[in-house]
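Numbering (the numbering used here), first residue to last: 96 to 199.
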């Protein structure tokens, strides 16, 4: 089940370390729709070094995560090549991304 990647522009994002990620962007895909009560959302962040495609085997008609039942949001970590990555212009390695920031 292929979905188009969408982007949420966050602007300048302050990390736990205090560093600032300029023009941060969080990428995500969605499957399904909200129900009338809007209580059927499931948020699935990607894991370290993964991306939203890691959930593909569980999402689909008749699967555990069925878009006919749930509104599924799969996010991508900062630095995973789909969402924003630290800017190398700030410092040689860019801002540090501790685990709390990377997990979205």
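Just so it is clear, CB atoms sit at the ideal spot from N, CA and C, and this is done for glycine as well.
Since this is a predicted model, take the numbers as computed values, not measurements.
Segment contact: the segment 159-171 against the segment 134-145, three or more CB-CB distances shorter than 8 Å; contact assigned. Proximity to residue 123 across 109, 159, 149 and 133 peaks at 149, based on C-alpha coordinates.
Residue 115 and residue 100 have their C-alpha atoms spaced approximately 24 Å apart.
Minimum Cα-Cα distance from residue 141 among the listed residues 103, 158 and 171 corresponds to 171.
In the three-state DSSP reduction, residue 111 falls in the coil class, being neither helix nor strand.
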